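Okay, so here's the structure we're looking at.
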Amino acid sequence: MKKIIALAGIILLSTSFGTYAQKSSSAIGLRATPDGGGVTFKTFFSPHLSFEAQANVGGVYGGNSFTGVALLEGNIIMPDPSWRIIMGGGVHAGVWDNGAWYRQNEAVWVYDRPEPIVGIDAIGGVEYIFKKIPLSLSAAIKPAVNFTSRGPEFFSHNMFGASAR
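Here it is in structure tokens:
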């Protein structure tokens, strides 16, 4: 019995299967930011035009937030086609809970209710696409402006990010 198990083990160890990365025009992955993170999905319409969707969660600076972002991106391919420059814009919607703060002149804590947010986004960054494995890494700056009940305001949540897809 030991000889049969040893023989089966040797056969399994000596058998190899080739695995190859498949070329795809879509990818899903993770996005990390100093304020939180999320998931990201990207699909290419052509080598120079892509659509990216993000679902981000933040909560370190200025309260908790959840936003969904849709971005249309232009891609400038560099002399080495693994590198590309990303530029584009889009819209976002979500919920922002500004948390609580203390008003010293009134000596009271003020608790903010979660409020819906909508806004516009810009994105700019770089992306590297590995040739032999199905992975791309990107770093981007994504400033946004919210249109809230208090008026337009700059939204710094999830502004800097790195993605792996």
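According to the numbering used here, the stretch in the sequence shown is residues 543 to 707, in order. Glycine residues also receive a C-beta, built at the ideal position from the N, C-alpha and C atoms. Owing to the predicted nature of the structure, the values given are computational and were not obtained by experimental measurement.
Minimum C-alpha distance to THR537 - residue among ARG707, VAL687, PHE689 and ALA681: Shown here, the chain extends from 543 to 707; a query on residue 537 therefore has no answer.
Top-ranked residue by Cα proximity to ILE619, from GLY703, ASN688, LEU572 and GLU669: GLU669
Option in GLY578, THR585 and GLY631 with minimal Cα separation from SER678: THR585
Same chain only: Cβ atoms within 7 Å of ARG645, ignoring 5 sequence neighbours per side: VAL652
Euclidean distance between Cα positions of GLY636 and PRO676: 31 Å
Three-state class that DSSP yields for ILE675 in the structure shown: coil
Identity of the residues DSSP links to ARG626 by a beta bridge: ILE619 and GLU669
Residues near PRO656 in its chain [Cβ-Cβ closer than 6 Å; skip 5 each side]: VAL637 and ASP639
DSSP three-state assignment for SER567, whether helix, strand or coil: coil
Start and end residues, beta strand (DSSP E) containing GLN598: A small fix is needed here, since residue 598 is Asn in this sequence, not Gln. Taken as a continuous stretch (DSSP letters only), the beta strand (DSSP E) holding ASN598 covers 591-600.
ASN647 - containing beta strand (DSSP E), residue span: No beta strand (DSSP E) holds ASN647; DSSP gives it neither H nor E.
Buried or exposed by the 16-neighbour rule on C-beta atoms within 10 Å, applied to LYS684: buried
Assigned secondary structure, PRO484 (DSSP; H/G/I helix, E/B strand, else coil): In this structure the chain extends from 543 to 707, so residue 484 is not present and cannot be described.
Presumed contact (8 Å Cβ cut-off) between GLY580 and GLN596, rounded CB distance: 6 Å
Residue from ALA612, ARG626, ALA706 and ALA569 whose Cα sits closest to the Cα of GLN590: It should be pointed out that residue 590 corresponds to His in this sequence rather than to Gln. HIS590 has its Cα closest to that of ARG626, out of ALA612, ARG626, ALA706 and ALA569.
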